[in-house]
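Asks: Here you go, one structure.
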Amino acid sequence: MRRRNDPSAGGHAGDQVFAGSLTLFGGGVLVVFGLIVLVCVQLSRPAFAKIGFFHFLAGSDWNPVEDSFGALPFIYGTLVTAAIAIVVAVPVSIGLALFLTEMAPARVRRVVGFFVELLAGIPSVVYGLWGLMVLVPLLRSSVQPALGKAFGFVPLFSGPPLGLGYLAAGLILAIMILPTIASVSVEVLRTMPSSLREGALALGATRWEAIRMAVLPYARRGMLGAVMLGLGRALGETMAVTMLIGNQPEIHASLFAPGYSLASVIANEYAEATGAIHPGALTGLALVLFGVTLLLSASARLLVRLSTGQLRSAA
Amino acid sequence: MKEQADPMAAEMPRAVARRTPSPYRWRRATNAIMTGLCALMVAIAVVPLISILYLVISRGIGSLSLTFFTHLPAPVGETGGGIGNALVGTLYIVGLACFIGLPFGIGAGVFLAERGDGKLGHAVRFTAEVLSGVPSVIIGVVAYGLVVMPMHRFSAIAGAVALGILMVPTLARSTEEMVRLVPRSLREASLALGVPAWKTSLFVVLRTSLGGLVNAALLSVARAAGETAPLLFTALNNQYWNFRPDQPTASLTVQIYNYAISPYEDWHQKAWGAALCLLLLVGLLSLTARALAGRRQTGPA
Amino acid sequence: MTTILMALLINGAGATFPFPLYSKWFNEYNKQHADLQFNYQSIGSGGGIKQITERTVDFGATDAPMSEAELAKAPGILHVPMVLGAVAVVSNGVPDGVKLGGDVLADIFLGKISKWNDPRIAALNPGVKLPDTAIAVAHRSDGSGTTAVFTDYLAKVSPEWKSGVGAGKSVKWPVGLGGKGNEGVTGLVKSTPGAIGYVELAYAKQNALPMVALKNADGQFVKPSIESTSEAAAGVEMPADYRVSITNAKGKGAYPISSFTYLLVYKDQGDAEKGKALQGFLWWAIHDGQKLAAPLDYAPLPKAVVAKVEGTVKSITVKGAKSDLATAK
């Protein structure tokens, strides 16, 4: 009689089933990871068998007609656009993070914080749309001609102003990784014990000096982690880059030139690669991208963890 | 002898301030410059956002109409038609993805919260963190290999698998955080009353963190709804309405991409309109998540 | 509403070259047969060939006929010619009808001629004011039948192109921006001042882009049009499997970069309903569908070819059994 409504019924067996299911779910995450590695390795095997791993990485020829594939132009394009993104985004997001945590009154903080969250939520394809319709014409008609006139002798700024290319893709990436770097930096700064800052202020430092002497040295490691997270996102971003980079698998010195990134070529060519070598080569590129973002993501999170953990124990 | 720099100089009356020694004036100037620079950074960060929002709203709103929401696309080069199938398609694919990603992600998160302190827990947590940084296009390739190739066709379910996998890592981590927020006293009280551990976890702890879980779920759904790359070679696209999971399906994001890179002015207009729809959808999900988070904070302690 | 839910969905993918026409065709056909929905994704000829080889779609579409190697992977596949189209060379900021020779065109795409007012271009266009702008080359970034046709032509008229770059659906472009699909290239040319690109005629016309008059095998400068396309196909020796190239064709008014475009279907269809639907559509396309070609600037199939294709369409079997169409007429 008591059994039906007795909350203490169904004890031990239920515990085991529950624990078991949870472990299954948890293990499932590891399985997903394993699947990604497995599928990518399996699909890319024919390409590596024919071309050789190091030849593939160092080759700069991408010719599906001759089944000759080299990853270098894409690695180059990915790195260049990510570099532009970092150079532009880091000062802006660190400044933004400092402003939000150290300088702004609460109301401004909430409004700006809300805007930054909005930025983070905009889908990549919408960034690409805006980039195509606004950023590229702007670059083509004003920015690139101006830069070309002023610094045209530098190879970085040579060539015709096409609008599309490394610069456009790099700038849109900068805008996209801004919220990532800023929000993680804010997180890192917030977990800092205020005693450090207050101590500096008590010794007569101005607000900026307090930041420079007390806050930044301790937050440096975590901010580096934030930057690395942003970098990871920049390396893997697909749609906005595909729409703005110009889709030319060549290595060019000029930032105005069109290029190609790892993620873009996979998105563009995967649906229609024929045979086993072409899709294999594309999957090989995916493997390279996977490896790099994995390494970066792991190190970044370790850094952030170390930074916030360390600060908590220093308090 | 030089006067010691006086930090109280800022508070003094003007006459005294004029006598402030120059090192202090330089430090104050630096402070002002750096503060100004940081404010400038905020302005730089906000400008593109405002531009995007303004353009999406101003250019997109012109495309919105009943036809836009309910009609299929017109043939290439002709004006008229709408994105009805793409809108429904996104809801459909993301809905299917929820069936895969939500239980998996929340389950993994509960695992991390309840039993995540051992070696397996650490491994899973680290893997989840690292997986959340994996580019979505790679997940698309995996879904292609796992679903499209054996099935021999592009399908909504392939797209759903890709999006579902994408949801899991971030959802697992946020779920873990939400569940860990539930105070131990609640769990211990329930156990003390004789409720079995598994019932405690499910009906006491999880139920308390429900608001937070819904928050996390909505945010991951919002992210999935905005994805394009994985869908390009899993769900592909479809010019018609589709409710069958084993057929290609249109989606808002893929449609925006196709329209944006096309040369037709009419399609560009539609792209802005579709972008507006997408932002509204994502915004609605995020706002609902926020509202629930707010309520949770004032809920049971 | 029930028709929408109960409709038979037939999936196809492939060339962007005929997409404006196919899009119209499928729309019209669906109006006449509400229970049949043809879902066509224009992802490029390369994609079309891949998908039909792996049978992830019910039919493929390509402008470039499949190679021997590709055919070997898809035994029993049929090329069914649908319509004729022209690859127009379009530009931005240059007067319509500017004359170019095949060798000059190849050198532009090789990057050797980099400005519109280059002496070699000016020599062909006396009296025409050519702008002093850089030529921004636009090409395809995806595997494209249009590219195959275009590079096939360039290889025929420029030995340097043939040995340096070659022909094919996807080549190593020496210079230029890459666009996805005919739509992407049209978009690039339309928005980039000084651009030059190659797109199907329908896209050029729909977007009012200035076109180049190319020197053909007979030495005449010809702009792409229905007439010049038809003339290019007029003298063709059509092989049994229809895999033929008509670039640089002889004929005074022939446009040198013309091409047939094909639907790819398996001779033996595994699904009875889909097989019947496909066969019915193909029959409609080579007869009634041809009337819709001209308004969209595609040239209809020559009558001799239609007669041959009828036989091919009739030969489609379902699980080995002959179709009703074969036994009917």
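Residue numbers (our numbering), protein chains in the order written: chain A, 1 to 315; chain B, 316 to 616; chain C, 617 to 945.
Here a beta-carbon is modelled for each residue, glycine too, at the ideal position from N, C-alpha and C.
1) For a quick check, are the C-beta atoms of Pro855 (chain C) and Ala865 (chain C) less than 8 Å apart?
2) By Cβ distance below 7 Å, which residues in the same chain neighbour Val483 (chain B) in space, the five residues on each side in sequence not counted?
3) Whose C-beta lies closer than 6 Å to the C-beta of Pro249 (chain A) among residues of the same chain, with five residues either side of it excluded?
4) By the three-class DSSP mapping on this structure, what secondary structure does Trp777 (chain C) have?
5) Would you tell me roughly how many angstroms separate the C-alpha atoms of Thr242 (chain A) and Leu129 (chain A), rounded to the nearest one?
6) Helix, strand or coil for Asp748 (chain C), going by three-state DSSP, please let me know.
7) Does the beta carbon of Gly259 (chain A) sit closer than 8 Å to a beta carbon anywhere in chain B?
8) Counting along the chain, where does the beta strand (DSSP E) carrying Tyr270 (chain A) start and finish?
9) Rounded to whole angstroms, what is the Cα-Cα separation between Val227 (chain A) and Met349 (chain B)?
10) Name, in chain order, the residues that DSSP records as bridge partners for Trp62 (chain A).
11) Look up Asn655 (chain C) in the DSSP assignment and say whether it is helix, strand or coil.
12) Among residues of its own chain, excluding the 5 on either side of Thr515 (chain B), which ones have a beta-carbon nearer than 7 Å to its beta-carbon?
13) Using a Cβ-Cβ cutoff of less than 6 Å, which residues in the same chain neighbour Thr669 (chain C) once the five nearest sequence positions on both sides are dropped?
14) What does Ala811 (chain C) pair with, by DSSP beta-bridge criteria?
15) Report the option in A:Leu135, A:Val134, A:Gly159 whose CA atom is closest to the CA atom of Pro145 (chain A).
16) Compare the C-beta of Pro563 (chain B) against all C-beta atoms of chain C and say whether one is closer than 8 Å.
17) Of the residues A:Pro123, A:Gly204, A:Leu224, which one's Cα is nearest the Cα of Thr543 (chain B)?
18) Could you tell me whether the region 357-369 of chain B touches the region 569-588 of chain B, using the rule of 3 or more Cβ pairs below 8 Å?
19) Classify Gln822 (chain C): buried if its beta carbon has 16 or more other beta carbons within 10 angstroms, exposed otherwise.
20) Give the DSSP-derived three-state secondary structure of Phe837 (chain C) in the structure shown.
21) Between which two residues does the alpha helix (DSSP H) harbouring Leu517 (chain B) extend?
22) Output needed for Pro279 (chain A): all residues of its chain with C-beta closer than 6 Å, excluding positions within five of it in sequence on either side, in chain order.
23) Just mark Gln42 (chain A) as buried or exposed, buried being the case when its beta carbon has 16 or more other beta carbons within 10 Å.
24) Establish whether the CB of Leu164 (chain A) and some CB of chain C are separated by less than 8 Å.
25) Which same chain residues, not among the five before or five after Trp777 (chain C), have their C-beta less than 8 Å away from its C-beta?
26) With a threshold of 8 Å between beta carbons, is Trp777 (chain C) in contact with chain A?
27) In angstroms with no decimal places, state the Cα-to-Cα distance between Ile842 (chain C) and Leu825 (chain C).
28) Span of the beta strand (DSSP E) holding Tyr882 (chain C)?
29) Rounded to whole angstroms, what is the Cα-Cα separation between Asp719 (chain C) and Pro735 (chain C)?
30) Among C:Lys935, C:Asp884, C:Gly936, C:Ala893, which has the Cα closest to the Cα of Leu694 (chain C)?
31) So Arg468 (chain B) contacts chain A; which residues on that side make the cut at Cβ distance below 7 Å?
32) Counting only the same chain and skipping the five closest in sequence on each side, list residues whose C-beta sits under 6 Å from that of Gly614 (chain B).
33) Put Gly509 (chain B) into one of helix, strand or coil per three-state DSSP.
34) Does the distance from the C-beta atom of Arg233 (chain A) to that of Ile177 (chain A) stay below 8 Å?
35) In terms of alpha-carbon separation, which member of A:Ala85, A:Val265, A:Arg305, A:Lys50 lies closest to Leu171 (chain A)?
36) Which residue's Cα is closest to the Cα of Pro742 (chain C): C:Ser757, C:Lys715, C:Ala752?
Replies: Quick look at the numbers:
1) The answer is no: Cβ separation not under 8 Å.
2) Gly416, Phe419, Gly420, Ala423
3) Excluding sequence neighbours, Pro249 (chain A) sits near Trp62, Pro73, Tyr260.
4) Three-state DSSP puts Trp777 (chain C) in a helix.
5) 11 Å
6) coil
7) no
8) First-last for Tyr270 (chain A): undefined, no H or E at that position.
9) 21 Å
10) A:Phe69
11) strand
12) Spatial neighbours of Thr515 (chain B) in its own chain (CB-CB distance under 7 Å, excluding positions within 5 residues in sequence) are listed in chain order as Arg502, Ser505, Leu506.
13) Setting aside the 5 residues that flank it on each side, Thr669 (chain C) is surrounded in the same chain by Lys689, Ala690, each with a C-beta closer than 6 Å to its C-beta; the list follows chain order.
14) Under the DSSP definition of a beta bridge, Ala811 (chain C) partners with C:Ala752.
15) A:Gly159
16) yes
17) A:Pro123
18) no
19) buried
20) strand
21) That residue, Leu517 (chain B), is in no alpha helix (DSSP H); it is neither H nor E in DSSP.
22) Result list for Pro279 (chain A): Ala273, in chain order.
23) By the neighbour-count rule (16 or more Cβ atoms within 10 Å), Gln42 (chain A) is not buried but exposed.
24) yes
25) Ala722, Phe725, Leu726, Thr767, Leu770, Ala771
26) At a cut-off of 8 Å, the C-beta of Trp777 (chain C) has no neighbouring C-beta in chain A.
27) In this model, Ile842 (chain C) and Leu825 (chain C) are separated by some 17 Å (Cα to Cα).
28) 874-882
29) Asp719 (chain C) and Pro735 (chain C): Cα-Cα distance of roughly 14 Å.
30) C:Asp884
31) The premise fails here: Arg468 (chain B) is roughly 13 Å from chain A at the closest Cβ pair, so nothing lies under 7 Å.
32) Low local confidence applies: a pLDDT of 44 at Gly614 (chain B) is under 50, so the model's placement there is unreliable, with the coordinate-based value given in what follows. Same-chain partners within the cutoff: there are none.
33) coil
34) yes
35) Taking only the C-alpha atoms, the option nearest Leu171 (chain A) is A:Ala85.
36) C:Lys715
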